[in-house]
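In my numbering, the protein residues as written are 4 to 370.
Backbone N, C-alpha and C fix where the C-beta goes; we use that ideal spot for every residue, glycine too.
Note that the structure is a prediction, hence the values are computed from the model and not measured.
Encoded as structure tokens, the structure appears first; notes follow it.
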């Protein structure tokens, strides 16, 4: 537990918390052993450790979790239980109660996947149909083939019976298995219901940041106030954009540029409004991190079009001699170049790259 206090502002404390594994107290220099007894090390004939014996066994069958820093920039002090549950990461999934109806849906989906595999293996011979079925740019199929194979029927019935028995004996009991303790479950509930804070993953994947919700909103509103980049709409323009996309896709369909299935995939009829959120750049300013704006267009009007255009442009862009994929490719390219001792390497940082690219210039570059 490492606390760093900012000298210029004593009221603001940045806490960076590292959790190794149960049984180790990082706040002091004393290491408290786990309550589990240390297993005896398997010895070889010469008295040395065996090849398969663990060197750093902590009394648990699972390896110690990776260190996850937690940056608490809010006014709420975190308890040890809250720190411990947050140190598992935001992708950690706790066990929850499984309802019978959800269980039946999973059983049906599994049986349907078996019937689909059998149907497309034995019934379909048309290559075009197979290509359309495996294309990523198509609507999700609702086709449910009939169960003609007796082996699939028997297997599905056995799996359903065994699963129902496991469900009845385990998840319907009063003591259902859980991967977190009761105190950790209450800590998660307290954090989720505290509307004065927001918990976000740090940009570049460097940890977890806890912000005041007011500071988080002010950062977003500050970015949206840039009139050179954003414009406030007087009304919802979703239907206007939908009509424009539909007319363009209908023209492409009439010209034979796209197929009927691709047309249905690209046109979202019941689109959701995208959500704007930010990821705090804790590596830029650990006390007042700026936010990286991200628009979550999941199930949005432009999501399928974005995926389709990305698949088309990825190949030509990667083929350009001026294109560098990522940082490892930069290092590999530099190593293959002979540089003189007086050579200076310089980098340029572009602020808000995607929002400063002129639309017309970007379209012309694509053409």
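Check                                                                                                                           : Outcome
With 16 other Cβ atoms within 10 Å as the buried cut-off, status of residue 34                                                  : Because residue 34 carries a pLDDT of 34, less than 50, the predicted location of this residue cannot be relied on, and the following value inherits that uncertainty. Counting Cβ neighbours within 10 Å, residue 34 comes out exposed, since fewer than 16 surround it.
Beta-carbon spacing of residue 91, residue 71 below 9 Å                                                                         : yes
Best match in 235, 310, 316 and 283 for proximity to residue 270 [C-alpha to C-alpha]                                           : 310
Cα-Cα separation between residue 354 and residue 112, rounded to whole angstroms                                                : 46 Å
C-alpha gap between residue 100 and residue 324, whole angstroms                                                                : 54 Å
Inter-residue Cα distance where the pair is residue 214 and residue 203                                                         : 8 Å
Inside the segment 241-314 only - beta strand (DSSP E) runs reaching at least 3 residues                                        : 278-283 and 294-299
DSSP beta-bridge partners of residue 204                                                                                        : 211
CA nearest to the CA of residue 275, picked from 85, 198 and 303                                                                : 303
Terminal residues of the beta strand (DSSP E) in which residue 387 lies                                                         : This structure cannot settle anything about residue 387, because the visible part of the chain is limited to 4 through 370.
Alpha carbon of residue 365 to alpha carbon of residue 195, nearest angstrom                                                    : 41 Å
Per-residue DSSP class, three states only, for residue 163                                                                      : helix
Minimum C-alpha distance to residue 296 - residue among 242, 356, 367 and 147                                                   : 356
Cβ neighbour criterion (16 or more within 10 Å) applied to residue 359                                                          : exposed
Cut-off 6 Å between Cβ atoms - residues of its own chain near residue 261, not counting five sequence neighbours on either side : 255
Helix, strand or coil at residue 326 [DSSP, three-state]                                                                        : coil
Residue 350 - DSSP class collapsed to helix/strand/coil                                                                         : coil
Classification of residue 210 by the beta-carbon crowding that lies within 10 angstroms, buried from 16 upward                  : buried
Close beta carbons around residue 284, own chain, < 8 Å, minus the five adjacent residues each side                             : 205, 206, 207, 292, 293, 294 and 295
DSSP state of residue 370 mapped onto helix, strand, coil                                                                       : coil
Sequence-distant residues of the same chain with beta carbon closer than 8 Å to residue 188, five excluded per side             : 97 and 181
Start and end residues, alpha helix (DSSP H) containing residue 225                                                             : 216-227
Buried/exposed call for residue 108, threshold 16 Cβ in 10 Å                                                                    : exposed
Within 9 Å, strictly: CB atoms of residue 264 and residue 139                                                                   : no
Three-way DSSP call (helix, strand, coil) for residue 92 in this model                                                          : coil
Range of the contiguous alpha helix (DSSP H) that encloses residue 193                                                          : 185-196
Reduced DSSP category for residue 360 - H, G, I as helix; E, B as strand; rest coil                                             : coil
CA nearest to the CA of residue 73, picked from 227, 279, 212 and 345                                                           : 212
Pairwise C-alpha distance: residue 141 and residue 267                                                                          : 7 Å
Between the CA atoms of residue 342 and residue 312 - distance to the nearest angstrom                                          : 38 Å
Proximity to residue 162 [Cα-Cα], best of 192, 117 and 124                                                                      : 117
CA-to-CA distance, residue 370 to residue 363, given in whole angstroms                                                         : 11 Å
Euclidean distance between Cα positions of residue 95 and residue 289                                                           : 25 Å
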